[in-house]
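J.: Before I ask anything, here is the structure I am working with.
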Amino acid sequence: MNGTIEKADIKFDGNGLVPAIVQDHYTKEVLTLAYMNEESLDITLREGYTCFWSRSRQELWRKGETSGNRQKVVSVTADCDKDALVVDVIKEGPACHTGAESCFFNRIHTEGDGADFSYEGLYRLIKGRKDRPKEGSYTTYLFNEGMDKILKKVGEESTEVIIGGAKKDREEAVYEMADLIYHLMVMMVEMDIEIKDVTEELAKRHVIDHKVKQKRMK
Numbered sequence: 098m099n100g101t102i103e104k105a106d107i108k109f110d111g112n113g114l115v116p117a118i119v120q121d122h123y124t125k126e127v128l129t130l131a132y133m134n135e136e137s138l139d140i141t142l143r144e145g146y147t148c149f150w151s152r153s154r155q156e157l158w159r160k161g162e163t164s165g166n167r168q169k170v171v172s173v174t175a176d177c178d179k180d181a182l183v184v185d186v187i188k189e190g191p192a193c194h195t196g197a198e199s200c201f202f203n204r205i206h207t208e209g210d211g212a213d214f215s216y217e218g219l220y221r222l223i224k225g226r227k228d229r230p231k232e233g234s235y236t237t238y239l240f241n242e243g244m245d246k247i248l249k250k251v252g253e254e255s256t257e258v259i260i261g262g263a264k265k266d267r268e269e270a271v272y273e274m275a276d277l278i279y280h281l282m283v284m285m286v287e288m289d290i291e292i293k294d295v296t297e298e299l300a301k302r303h304v305i306d307h308k309v310k311q312k313r314m315k
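Basically the working numbering = 1-based index in the sequence shown + 97.
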């Protein structure tokens, strides 16, 4: 069920605040939970960048005003009771003051082995091995060896995918594709390329019906 409401319909609590869940426009990852009062919501809607109310400092704060990590607003949606907001944003840097991409990184419980094997989750795990090296980790080993080693592995895994495809062996192809995707993500992290960068590039092309080659400026 879709609907459109007015700002006046938002139900602020007894302190004049409404919780605002901020999520990444591209990955839909939850970035942070903040609070807005009527004035900060006005500023957010008018300026197109997130502005919140700091409960600890008792003042307005525009996200990124000191760090530069602003959040461009794509949409603001209220829940069914109109007492909570989801703010969909394109972020211009890490969301958390710690430097993490999201404020939500302290895992309490996950059913199974605890690993997040979405593409975004895998990317975060790989980046974590670069930012916080772990002894005995194969991923950390690749980063320590450098780009030449990483590119060699990407080349090797690409060949294995081709072999699996040529044999029309589905199980082997899936296995080798997983290896290739992993090593491509290691390369992406090494080159500071995010998943959204590739997604945006695909979105600019009519990649399904037309293959468009990259053209470089000379």
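Ideal placement from N, C-alpha and C gives every residue a C-beta, glycine not left out.
Computed from a predicted structure; not experimentally measured.
Can you give the beta carbon distance from LYS169 to TYR132, rounded, assuming they're within the 8 Å contact cut?
T.: Contact doesn't hold; Cβ gap of about 20 Å is too wide.
J.: Taking 8 Å as the cut-off, does the region 175-189 touch the region 111-129 (at least 3 CB pairs, one atom from each stretch)?
T.: The answer is yes - the region 175-189 touches the region 111-129, with three or more Cβ pairs under 8 Å.
J.: Runs of 3 residues minimum, wholly inside the region 172-251: which ones carry the beta strand (DSSP E) assignment?
T.: As far as the region 172-251 is concerned, its whole beta strand (DSSP E) runs of at least 3 residues are 182-188.
J.: Between the C-alpha atoms of LYS160 and GLY262, what's the straight-line distance to the nearest angstrom?
T.: Distance between the alpha carbons of LYS160 and GLY262 is about 48 Å.
J.: In three-state DSSP terms, what is MET133?
T.: Note: MET133 maps to strand in three-state DSSP.
J.: Tell me which residue opens and which closes the beta strand (DSSP E) that ARG167 is part of.
T.: Neither: ARG167 is in no beta strand (DSSP E) and is coded neither H nor E.
J.: I believe ALA192 touches LEU128 by the beta-carbon criterion, under 8 Å. Please report the beta-carbon distance rounded to the nearest angstrom.
T.: At roughly 4 Å, the Cβ-Cβ gap stays under 8 Å, so ALA192 and LEU128 are in contact.
J.: Assuming LEU157 contacts GLU136 under a Cβ cut-off of 8 Å, what Cβ separation, rounded to an integer in Å, is found between them?
T.: Correct: roughly 7 Å between the Cβ atoms.
J.: Excluding the 5 residues preceding and the 5 following THR124 in the sequence, name in chain order all residues of the same chain whose CB lies nearer than 8 Å to its CB.
T.: Excluding sequence neighbours, THR124 sits near GLU217, ILE292 and LYS293.
J.: Pull up the distance between the alpha-carbon of GLU254 and that of VAL283, whole angstroms please.
T.: For GLU254 and VAL283, the distance between alpha carbons rounds to 13 Å.
J.: Smallest Cα separation from THR141: which of ARG167, PHE240, THR163 and ARG152?
T.: If we check each option's Cα against that of THR141, ARG167 comes out closest.
J.: Along the chain, where does the beta strand (DSSP E) that runs through GLU156 open and close?
T.: GLU156 -> beta strand (DSSP E) spans 156-159.
J.: Nearest to ASP178 by alpha carbon, out of VAL286, LYS265 and VAL115?
T.: Taking only the C-alpha atoms, the option nearest ASP178 is VAL115.
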